[in-house]
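Here the structure is laid out as structure tokens; the discussion comes afterwards.
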Amino acid sequence: MKEQVFCTVISRFRLYQAIALFCSLNEVIKDHITYVLCVDDETHRLISKMGWRRIRLLHICELNESLNKLKKNRRINEYCWTLKPLLIEAVFSRDPGIYRVTYVDADLFFFSDPSVIFKNQPSCSVLLSRGDIVIPSLEPENKKKLQALLGKYNSGFISFKRDETGLNCLRWWKKRCLESCVSKPEAGLFGDQKYLDEMPSKFSSVCEIHTPGVNIGHWNRALYHYSISDGKILAGGNRLICYHFSGFRVLRSNRIIMIHEQKSVDPPFFYYIYLRILQDVIRNISLIDPGFDGYSDAQDLARRESEKS
221 MKEQVFCTVI
231 SRFRLYQAIA
241 LFCSLNEVIK
251 DHITYVLCVD
261 DETHRLISKM
271 GWRRIRLLHI
281 CELNESLNKL
291 KKNRRINEYC
301 WTLKPLLIEA
311 VFSRDPGIYR
321 VTYVDADLFF
331 FSDPSVIFKN
341 QPSCSVLLSR
351 GDIVIPSLEP
361 ENKKKLQALL
371 GKYNSGFISF
381 KRDETGLNCL
391 RWWKKRCLES
401 CVSKPEAGLF
411 GDQKYLDEMP
421 SKFSSVCEIH
431 TPGVNIGHWN
441 RALYHYSISD
451 GKILAGGNRL
461 ICYHFSGFRV
471 LRSNRIIMIH
481 EQKSVDPPFF
491 YYIYLRILQD
501 VIRNISLIDP
511 GFDGYSDAQD
521 LARRESEKS
């Protein structure tokens, strides 16, 4: 079987976290390739300098789509969400030998080998990760409203197989995202993510991921007790495969904040591990390209209703 294939979309605002993602994948899995779609010149130029052996770099202009109008009419986050299915399709097109493509958000970090996810459910054409809202501070009614807004699944980790169902589902998702990728709760829309709710009823072999420890984030971390055993981080007694550090914003080299958890007083211990890794990444990038600025600006920091989990 060929190497496992991942892909992600990044702008300069997520470059530091993306580098942490690449490092984490290199630590936990040997045979893999990650396709990286850069939406701006600065990001493409910098990653090109780094010479990553397992990175396949794409510039936004390489996509076979007319995206200028979309870019003008959508916020940068909406634009990047739109690109997810387009990137997955482009990866399949580049190599007919690729069996499965797994999209991961740039702010994911892997603590354990994800291969088990695919081994556990080999017959599934599409694999979805649940995004259940479990935030103790939320009132039940507010939790219900938030779940309805965000949808049942989280699009930060989604995997497609190259078979009839997988490709048809991918084309359907792409079409929906090109039509609309904005947050409109009154219309039942939330970027690229709310469409995932429809996939299991529209297509066969669309499965929820059964393997524990996948794509946990601030929205459901309260479900688990975290510990370390034999050098591995456990979530509820199972290996933590990947954590979604959504909402982390790098303001400058020595200041990283969490916009979704500003009142959190007891984050999991591995948050501090991740923060140290990000600081190391920032220092190393400053040596490679002293002029690179991946710090969040006012628009990136703005907390809107459209801000995604």
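Using this note's numbering, the letters of the sequence shown map in sequence onto residues 221 to 529.
Glycine included, every Cβ here is placed at the ideal spot set by N, Cα and C.
As the structure is a computational prediction, the values presented were derived from the model and not from experiment.
- Of the residues assessed, Asn-435 falls on the buried side of the cut-off, its CB having 16 or more other CB atoms within 10 angstroms.
- The shortest C-alpha to C-alpha distance from Ile-280 to any of Leu-443, Asp-520, Leu-328, Tyr-255 is the one to Tyr-255.
- Taken through DSSP and simplified to helix, strand or coil, Glu-309 comes out as helix.
- Apart from the 5 residues on each side of it in sequence, Lys-269 sits with its Cβ closer than 7 Å to the Cβ of Ile-508, Asp-509 in its chain, given in chain order.
- Burial of Pro-488 is indicated by the presence of at least 16 other C-beta atoms within 10 angstroms of its C-beta.
- Counted as a single uninterrupted DSSP element, the alpha helix (DSSP H) harbouring Gln-237 occupies residues 235–248.
- The C-alpha of Tyr-463 lies about 12 Å from the C-alpha of Pro-432.
- Restricting attention to Asn-340, Ile-493, Ser-403, the CA atom closest to the CA of Cys-427 is found in Asn-340.
- One thing to note: Gln-413 has its Cβ no nearer than 8 Å to the Cβ of Leu-366.
- DSSP places Ser-335 within a helical segment (H, G or I) once states are collapsed to three.
- Beta-bridge partners assigned by DSSP to Glu-428: Leu-348.
- Secondary structure at Val-501: helix, using DSSP grouped into helix, strand and coil.
- By a beta-carbon distance limit of 8 Å, Leu-460 contacts Phe-331. Their separation comes to about 5 Å.
- Residue range 360–370 is occupied by the alpha helix (DSSP H) that includes Leu-370.
- Per DSSP, the beta-bridge partners of Gly-437 are His-464.
- In chain order, Cys-227, Val-321, Tyr-323, Phe-380, Leu-390 place their CB closer than 7 Å to the CB of Ile-308, counting only its own chain and leaving out the 5 sequence neighbours on each side.
- Under the three-pair Cβ rule at 8 Å, the region 233–253 counts as touching the region 261–275.
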